[in-house]
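Notes follow the structure.
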Amino acid sequence: MIERDDGIPIITLASVTKRYPHDIVALDDITLSLEKGEFCFLTGPSGSGKSTLLKLLYFAEQPTSGDIFIEGINIKTIKEAHKPIFRRKIGVVFQDFKLLQDRNVFDNVALALEVVGFSHDQIAYRVNKVLESLGLGGKGRRFPQELSGGEQQRVAIARAIVNRPPIILADEPTGNLDSVRTMEVLDIMDELNARGTTILFATHDERLFEGTRRRVVRLRDGRMEVGY
Amino acid sequence: MIERDDGIPIITLASVTKRYPHDIVALDDITLSLEKGEFCFLTGPSGSGKSTLLKLLYFAEQPTSGDIFIEGINIKTIKEAHKPIFRRKIGVVFQDFKLLQDRNVFDNVALALEVVGFSHDQIAYRVNKVLESLGLGGKGRRFPQELSGGEQQRVAIARAIVNRPPIILADEPTGNLDSVRTMEVLDIMDELNARGTTILFATHDERLFEGTRRRVVRLRDGRMEVGY
Amino acid sequence: MNLETLVRRALKDIRQHMAMYALTTMVVTLSILIFLFFSLIYVNLHHFASRFGTQLGVVVYLKEGINEELIPKIYNELLAINGVKNVVYISQEEAFKRLERYLGDEKMVLEGVDATFLPDSFEVKVEKALFQPERLRVIADKIKKIEGVDKVQYGREWVQRLEVFTGIARNVVVASGILLLFTAAFVVSITIRLNVYARQEELEILRLVGATNGFIEGPFLMEAMLQGLLGAGIAIVLLYASYLNVSSGLLMPGFIKGLKLVFLPWELVVLVVGLSMVLCLLGTHFSMRKFLRS
Amino acid sequence: MNLETLVRRALKDIRQHMAMYALTTMVVTLSILIFLFFSLIYVNLHHFASRFGTQLGVVVYLKEGINEELIPKIYNELLAINGVKNVVYISQEEAFKRLERYLGDEKMVLEGVDATFLPDSFEVKVEKALFQPERLRVIADKIKKIEGVDKVQYGREWVQRLEVFTGIARNVVVASGILLLFTAAFVVSITIRLNVYARQEELEILRLVGATNGFIEGPFLMEAMLQGLLGAGIAIVLLYASYLNVSSGLLMPGFIKGLKLVFLPWELVVLVVGLSMVLCLLGTHFSMRKFLRS
Ligand SMILES: Nc1ncnc2c1ncn2[C@@H]1O[C@H](COP(=O)(O)OP(=O)(O)OP(=O)(O)O)[C@@H](O)[C@H]1O
Ligand SMILES: Nc1ncnc2c1ncn2[C@@H]1O[C@H](COP(=O)(O)OP(=O)(O)OP(=O)(O)O)[C@@H](O)[C@H]1O
Ligand SMILES: [Mg+2]
Ligand SMILES: [Mg+2]
């Protein structure tokens, strides 16, 4: 378990409950914190609330009750105008990829850098490097529709990590990948983690964390089952 | 291995090659046939051509060369107007689900029956039954956006099987499901297969077919690696 | 697929795309409203002009000292000419009175003058003279050949000016009518196309689950027809409401009160509703066609 | 984000949504074209009417046997009245000639009559009389008070009719102008909204990867401005081309040849281009706003 105790946790959920309309309880009184530099798996059966938890962290949904702190700041207090700044600190691999269908692979990945305001050259260099590392070299000019499911998923991963965010939230990022590619992705995540990136990795694939000694958070029907 | 030798194979690919624009070879000289009632796994690394093979079978793409026969009929000879009739014989679980975002779960599944012209009552009965069997009972009135990834995938499965087609093409249908749900889906497929449905199941998850003695077709870079 | 299912699917579809459908229908309504509004203005101008136009005519002076018995014969000959609407006999006395009326305060100039210095004459009213001033010329030429006719006056200069004016007016009206129709049709079809574009994924999915083109198109065409009907209907109702308002003088300044306005002929109304429906149908059909291939 | 990046992104975006962009721009073009076309017609009618309108005036009859020396004084007083454009003295001889001209072939009735039976008079031309016939009345009332003036004629009945007519015309023009502007604005904003609807997923994704509202809106607003410019520009070019065609008589029937047409004043052209850009900008901004929340 990698953990660096340099003060406040980077992510904290304090008795967070998320209820969707029609009384659907997706998360029920979750309390959880992630230290800076931690690599944590989030697992649980289909519909147990993994994605919902991540959505709360990247502001796609708001908790019904409870507080969420990112880098010690209560996200309720973040002004609308400052949310983009926070979002840039968080690389998200969405479960449904969320690629722009009318931009090619390169542009999709470059987006995360454009948003921050990187220069043209730097964008080209970084994007090509990350595409290469995910086995997508030479596919930069293709459009998402012209890729296989697994390739699209890797583009989504590339976009999440290209601007080296301090936090990565990965939602089922290997669901469409074969075992070799899955290991490659895990290796990349490990490497990023070694450089200090905090990673929250949602997956239903028990094999990914079976051997490791990393922390595993288990959800079932919106409740946390096991701590460490 | 379940196999009923009652004459012609239900699906045949004869030296099929699929080249996408810019000389991307997705399938290279594939020859393969499936007997009626067969349950065949299609596997291979990401980008090896699994989805492309299925797309050829449900007419979403056309082969660059070679012939494809469904129930002994060369699909090249099928008139545009008759393709829907053939499509109804084939239930497809799409890798990206392809659910209608503005229809609820019930309507999405009902679509496969409406298209054939089932009566109102029959649709209600069948749809509710299939949703129940996939653990989606009571979620019929939700919209796809209000479901978890795994739930959406199960809706896609439900739509593919609800009209009991003689052929099912499943493209990575368990990528977003936990192991319990995955086994449930496999059981359902087994049951359908036992009733005579021919199933072609594309997956990268080796565990699904590790124990079984079913046929496994392996692709790598568009070429078939191993026959039986 | 029976009609009931079709209608049910169409209505469901409309409910699910309420915003888009409402916006598109609004575009149809506005496009048609504009066209109808100008048609209404045109129809009313035409109506006024027709009434004013009947005052246009040819004055036929008879030879001095003409045989009284010839007059009814000439009268009948004039009436028989193609395009002549009515003929009025102006006696010498009547002509004298008119001159007096024209001179107004200066009529003392005529004191002691005998009415017979003016010739007998006919006033010949010509049909649609305002819209086809060249008719006056043709009719005047025919009248000249009648026995007993001395002189024919129809305001040559005035007719020429009128010709230019009606020519311009006709061209402007035709050009703007075409432009308006064309624009309305174009805007409606573009809007429908944008709408179909936005839903092309849906069409693709329907196709993949085995829907026939008819099944896919059915509700869309149904909606389009309803849209055409609604769009035109609302436009007509709006126009009629403002027509009533204006002609009852509620909204207009006092001096227009009592003015008789006409509404569009019902044939045009029916035609526009029909065209609107056909337009929406065709627009939808052709927008969808490319997504329904293969 | 600097301007260059913004422009690059906007252009790229346009290239990627060519079909949609072209269709939306076409709607803008047509909407504006319709408005401009009617403005052009209006401007030209106004232009003709202005020229014709200067013929409207008041006739001032002087008292019989008036002192000749008073005449220049009256002349100056008339000229000094607010709204009077010019004043012409009509001598008794001139008035007599006019009457002869009116009687035409019947002028023998005046034989032996002395020209002096007609009074001296002034013809007073009034500015913009056609558009504000009530001015004639006001001016006539003022003239009546001048010493030496016997009678003032300005065709009371005629002015009343003209008042009704110009009243209707003004109302029709204002109503159709407003309707056209409103429709154009509405259709354009609906089309833009349909466009934004179709791309809402894209906006959502941009937001999720940390784009600020400015970053997301930037290219859209840029495109909207360009769209407004292009739409209005094309409309103006098309209109100008047809204007040249018509005024050079190439396409028009012969009798209109030589007719002097005027184009829209450049202020209006600039205003329309500006409005079009603002409209597209605002339409885009407000359509996007709801997708940019949270
Ligand atoms: N927008 C929504 N409206 C209503 N209910 C929702 C919504 N999103 C998710 N849910 C429900 O909340 C529960 C948790 O969903 P969530 O997506 O977090 O599950 P998950 O753990 O990610 O599952 P999976 O592994 O299938 O992706 C599910 O029962 C789901 O149906
Ligand atoms: N429309 C397309 N245009 C161009 N290339 C394509 C297109 N669709 C797929 N490809 C390419 O064809 C190859 C095979 O793709 P396919 O989708 O069949 O792979 P797959 O086996 O389904 O992979 P995965 O497991 O990742 O879904 C890939 O290299 C992909 O990039
Ligand atoms: Mg999920
Ligand atoms: Mg695939």
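Residue numbers (my numbering), protein chains in the order written: chain A, 34 to 261; chain B, 34 to 261; chain C, 10 to 303; chain D, 10 to 303. Glycine is no exception: its CB is placed at the ideal position from the N, C-alpha and C atoms. As the structure is a computational prediction, the values presented were derived from the model and not from experiment.
Scanning the region 48–111 of chain A for uninterrupted alpha helix (DSSP H) segments of 4 residues or longer gives 83–90, listed from N- to C-terminal end. Collapsing the DSSP output to three states places Gln-178/A in a helix. DSSP lists no beta-bridge partner residue for Val-205/D. Annotation: Arg-247/A is outside any alpha helix (DSSP H) and is labelled neither H nor E by DSSP.
Gln-155/A and Val-36/C have their C-alpha atoms spaced approximately 46 Å apart.
The contact set of Tyr-206/C on chain D, defined by CB atoms closer than 7 Å, consists of Met-29 and Ala-207 in chain order. Val-93/C carries a strand assignment under DSSP once its states are collapsed to helix, strand and coil. Counting only Cβ-Cβ distances below 7 Å, Phe-46/D has contacts in chain C at Ser-185 and Leu-188, in chain order.
If you draw a straight line from the Cα of Lys-269/C to the Cα of Leu-54/C, it is about 12 Å long. In the three-state scheme derived from DSSP, where H, G and I count as helix and E and B as strand, Gly-150/B is classed as coil.
The C-beta of Thr-64/B has fewer than 16 other C-beta atoms within 10 Å across all chains shown, which makes the residue exposed. Assignment of Lys-160/D by DSSP, reduced to helix, strand and coil, places it in the strand class. For Thr-97/A and Lys-88/A, the gap between their C-alpha atoms comes out near 13 Å.
Across the structure, Thr-76/A and Ser-40/D are spaced so that their CA atoms are roughly 56 Å apart.
A distance below 8 Å between beta-carbons, with the five flanking residues on each side excluded, links Phe-72/A to the following residues of its chain, in chain order: Ile-35, Met-222, Asp-223, Asn-226, Thr-231, Ile-232, Phe-234, Arg-247 and Arg-248. For Leu-235/C, the enclosing alpha helix (DSSP H) stretches over residues 222–256. At a cut-off of 8 Å, the C-beta of Val-188/A has no neighbouring C-beta in chain D.
Between Thr-215/A and Phe-74/A, the CB-CB gap reaches or exceeds 8 Å.
Excluding sequence positions up to five before and after Leu-15/D, its CB lies within less than 7 Å of the CB of Gly-227, Pro-228 and Met-231, all in the same chain and listed in chain order. For Gln-178/B, the Cβ falls inside the 7 Å cut-off from some heavy atom of ligand 1.
Taking a C-beta distance under 8 Å as the contact criterion, Pro-78/A and Val-163/B do not qualify as a contact pair. By the neighbour-count definition (other C-beta atoms within 10 Å, threshold 16), Leu-180/B is a buried residue. Residues of the region 68–100 of chain B that bring their beta carbon within less than 7 Å of a beta carbon in chain A comprise Pro-78, Ser-79, Gly-80 and Ser-84, in sequence order. For Ser-100/C, there is no enclosing beta strand (DSSP E), as DSSP gives it neither H nor E. Counting other Cβ atoms within 10 Å of its Cβ, Asp-22/C reaches 16 or more and is therefore classed as buried. DSSP, read as helix, strand or coil, puts Ile-75/C in coil. With contacts defined by Cβ atoms closer than 8 Å, Ser-66/A and Thr-45/A form a contacting pair. The three-state secondary structure of Glu-224/B, taken from DSSP, is helix. Contacts with chain A at 8 Å (Cβ-Cβ) include Asp-211/B.
Of the residues Gly-223/D, Ile-148/D and Glu-213/D, the one whose Cα lies closest to the Cα of Asn-11/D is Gly-223/D. By the criterion of a C-beta distance shorter than 7 Å, Ile-190/B is surrounded in its chain by Val-126, Leu-167, Pro-206 and Val-218, once the five residues flanking it on both sides are discounted. Contact between Ile-123/A and Val-49/A does not hold, since their C-beta atoms are separated by about 17 Å, which reaches or exceeds 8 Å.
Taking a Cβ-Cβ threshold of 9 Å, the residues of chain A close to Tyr-53/B are Glu-179, in chain order. At a beta-carbon threshold of 8 Å, the residues of chain C lying near Leu-32/D are Ile-199, Arg-202 and Leu-203, ordered along the chain. Sequence-ordered contacts of the region 217–245 of chain A with chain B read His-237, Asp-238, Glu-239 and Arg-240 [C-beta pairs closer than 9 Å]. Leu-46/A is bridged by DSSP to Leu-65/A and Ile-101/A.
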